[in-house]
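Peer 1: Mapping to full-length UniProt numbering: the sequence shown position 180 is 180, numbers consecutive.
Every residue, glycine too, gets a C-beta built ideally from N, C-alpha and C.
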Amino acid sequence: MSPNLSDEQKQMILTVRELVQSEFKPNAQKYMDGTFPWENIRKLAEIGVLGMSVPEEYGGLGLSVFDSALVLEEIAKGCYVTAMATLGEAGVQTRVIAHYAPAPIRERILPRVVAGECILAICMTEPHAGTDVASYRTNARVLGDRVVLNGVKTLISRAPEAGMFVVFTRIDGNPGREGIGCVLVEPGTPGFEVTGTYHTMGGENLHEVQFNDCELPIENLVIREDGFRKLLSAFNTQRCLNPSISLGLAEGAFEEARRYVHGRTVFGKAVGDFQGIRWKLADMYREIEAARSLLYRACASADPFPDPFLSAVAKITCNEMSIRVTSEAIQLHGGVGFTDEYAVSRFYRGARYGTLGGGTSETLRDLIGKRIMEATAFGDDILNYSAPGPRVSRPAETAGFAISAE
Ligand SMILES: Cc1cc2nc3c(=O)[nH]c(=O)nc-3n(C[C@H](O)[C@H](O)[C@H](O)COP(=O)(O)OP(=O)(O)OC[C@H]3O[C@@H](n4cnc5c(N)ncnc54)[C@H](O)[C@@H]3O)c2cc1C
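#1: With 16 other CB atoms within 10 Å as the buried threshold, where does S393 fall?
#2: Tell me which residues share the same chain as A329 and place their Cβ nearer than 8 Å to its Cβ, disregarding the 5 neighbours each side in the sequence.
#3: Would you say the stretch 144–163 touches the stretch 58–66, given that touching needs at least three Cβ pairs under 8 Å?
#4: Excluding the five sequence neighbours on either side, which residues of its own chain have a C-beta within less than 7 Å of the C-beta of L72, listed in chain order?
#5: So A121 is in the beta strand (DSSP E); what residue range does that whole segment cover?
#6: Are the beta-carbon atoms belonging to L364 and I316 less than 7 Å from one another?
#7: Could you say which of V152, W38, G276 and A270 lies nearest to A129 if we only look at CA atoms?
#8: Assuming residue 409 is part of the alpha helix (DSSP H), what are its boundary residues?
#9: According to DSSP, is Q9 helix, strand or coil?
#10: Measuring only the C-alpha atoms, how far is N4 from R95?
#11: T131 and T360: beta carbons closer than 7 Å?
#12: Our contact map puts I47 next to G116 with C-beta atoms below 8 Å; I'd like the distance itself, whole angstroms only.
#13: Write down the C-beta distance between S311 and N384 rounded to the nearest angstrom, noting that I regard them as a contact closer than 8 Å.
#14: What three-state label does DSSP hand M84 in the structure shown?
#15: Let me check one thing: in DSSP terms, what residues is N212 bridge-paired to?
#16: Counting Cβ pairs, one atom from each stretch, are 3 or more of them under 8 Å apart for the stretch 214–234 and the stretch 166–184?
#17: At 4 residues or longer, and completely inside the stretch 211–281: list those alpha helix (DSSP H) runs for me, N to C.
#18: What residue range does the alpha helix (DSSP H) around Y198 cover?
#19: On the DSSP letters alone, give me the boundaries of the alpha helix (DSSP H) that I180 sits inside.
#20: Quick check: does the Cβ of T125 come within less than 6 Å of any heavy atom belonging to ligand 1?
#21: By the DSSP assignment, the alpha helix (DSSP H) with T363 in it spans what residues?
#22: Hey, V114 and G51: beta-carbon distance below 7 Å or not?
#23: Do T125 and T154 have their C-beta atoms closer together than 7 Å?
#24: State buried or exposed for T138, treating a residue as buried only when at least 16 other CB atoms are found within 10 Å of its CB.
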């Protein structure tokens, strides 16, 4: 456990670790067929974890992004599917409701999230527009005290289980990124339907959902203006929580691998006694620790949302590290590592998600590169970067370098 954590953080980690290692990890295989891990979710609700992002006034723990990342890292060491299910409650959708929804909605929904009675789904991706959010076709028309929503969203996690959908949509057909806002949709709303199910290599199912003339009260229009900036701010949280799952998966796989090579004998000695294998372990270890340092630094920048640059650097590093480390863990097991009998294949399948969700590696590299060139134009340091305040003006010679809302 990192020595720089507080006593409270260490205690929280130990409580979650005990539950994950004794109950979640031994049963992880049974959720590989798309079954939702309700048992685990209820147990996490009992120890307060589902309310970790919910402010204390609504019965939650009001934990920081950093604390939430520590908890998800621990859950991912045992069960990727449960970590992903928990990400819904710890992540962007809870924070959107807590920060932007009117008080009556917060009072009605957030205590149910804490109790494990209301799973939250987030709807961003559309069949023709995932990364390219400016091309959303889903539209919410504001008609007096009502909003009418039409559109299709796809690759949606937890849709059949969700008690509330946080839907990012165009408002009144306004064009571009600036036209995006957010509405809340409850599953019983006429015109709402789950229309497709796709099983994933990680084990969980994803879904298509449709909104056909869904009439919503105006209170459900939680972000009407400045939606794209608010979306990205909240999304920087996801860019710290998604990689915390990648980190946990890598750590889980590393633990399996080092134990396996210690116990497995080939040519009269333990696999782990060969120098070629020790060098692999050394590389896995140093990659995990380097990625963890970047992630914890990004998490610590949250005020209330993490710094975009640090989050992007940490996310790519953890996601890509996790794919390499979990793959190497399979290699160290030999052929049995490829079977469902050993946890390493599950860790690897889960790790493959990281670079796809919460901002792909390609788009985040764009963001990082852009910030490096902005700093260069301003004559700023970029090495040893620490989160700056917003830029209000820039010198004439920087014309041509756009400052992204991210
Ligand atoms: C397990 C899982 C769970 C998910 N859960 C949800 C959910 O709950 N809700 C939800 O809304 N979505 C969810 N998604 C969808 C996910 O957010 C999208 O897959 C992601 O945003 C990428 O969008 P896309 O799939 O449309 O890819 P595209 O945007 O079509 O991108 C295709 C490829 O092009 C690359 N690319 C795009 N733009 C550029 C560029 N400018 N330069 C270089 N390369 C570029 C991308 O990085 C990618 O490699 C989930 C996905 C997975 C795998």
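Peer 2: By the coordinates alone:
#1: Sequence index remark: in the sequence shown, residue 393 carries index 393 (1-based). Its pLDDT being 38, under 50, S393 is placed unreliably by the model, and nothing is read from it.
#2: Sequence index remark: in the sequence shown, residue 329 carries index 329 (1-based). Counting only Cβ-Cβ distances below 8 Å, and skipping sequence neighbours, we find A253, F254, E256, A257, M284, G337, V344, F347 and Y348.
#3: no
#4: Along the sequence shown, one-based indexing puts residue 72 at 72. Scanning its chain for C-beta atoms nearer than 7 Å, with the 5 sequence neighbours on each side dropped, one finds around L72 the residues A83, T86, L87, A90, L241, S244, I245 and G248, in chain order.
#5: Translated into the one-based positions of the sequence shown, residue 121 becomes position 121. Its beta strand (DSSP E) spans residues I119 to C123.
#6: Here residue 364 refers to the residue found at position 364 of the sequence shown. Here residue 316 refers to the residue found at position 316 of the sequence shown. Contact flag set, yes.
#7: Mapped onto the sequence shown, residue 129 falls at position 129. It is V152.
#8: No information on residue 409 is available, as it lies outside the stretch 1 to 406 that the chain covers here.
#9: Your numbering for residue 9 matches position 9 in the sequence shown. Correct three-state label for Q9: helix.
#10: For this step, residue 4 is matched to residue 4 along the sequence shown. For this step, residue 95 is matched to residue 95 along the sequence shown. Those two C-alpha atoms are separated by around 26 Å.
#11: Taking the sequence shown and counting its residues from 1, one reaches residue 131 at position 131. Taking the sequence shown and counting its residues from 1, one reaches residue 360 at position 360. Their beta carbons are under 7 Å apart, which means T131 touches T360 by this criterion.
#12: Counting from one through the sequence shown, the residue named residue 47 turns up at place 47. Counting from one through the sequence shown, the residue named residue 116 turns up at place 116. The beta-carbon separation of I47 and G116, rounded to 11 Å, does not stay under the 8 Å limit for a contact.
#13: Numbered from its first residue, the sequence shown carries residue 311 at position 311. Numbered from its first residue, the sequence shown carries residue 384 at position 384. With a Cβ gap of about 17 Å, S311 and N384 do not count as contacting.
#14: Against the sequence shown, residue 84 aligns to sequence position 84. DSSP places M84 in helix when its eight states are reduced to three.
#15: Residue numbering aside, residue 212 sits at position 212 when the sequence shown is read from its first letter. Paired residues: none, contrary to the question.
#16: yes
#17: 227–263
#18: Stepping through the sequence shown from its first residue, residue 198 is reached at position 198. Counting along the chain, Y198 falls outside any alpha helix (DSSP H), though it belongs to the beta strand (DSSP E) covering F192 to H199.
#19: Position 180 of the sequence shown holds residue 180. Going by DSSP, I180 is part of no alpha helix (DSSP H) but of the beta strand (DSSP E) stretching over I180 to V185.
#20: Working through the sequence shown from its first residue, we reach residue 125 at position 125. The answer is yes for T125.
#21: Working through the sequence shown from its first residue, we reach residue 363 at position 363. Run containing T363: S361 to F378, per the alpha helix (DSSP H) assignment.
#22: Position 114 of the sequence shown holds residue 114. Position 51 of the sequence shown holds residue 51. Yes, Cβ-Cβ distance for V114 and G51 is below 7 Å.
#23: By one-based count along the sequence shown, residue 125 stands at place 125. By one-based count along the sequence shown, residue 154 stands at place 154. In contact: T125 and T154 (Cβ atoms closer than 7 Å).
#24: By 1-based counting over the sequence shown, the position of residue 138 is 138. T138 is buried by the Cβ-count criterion.
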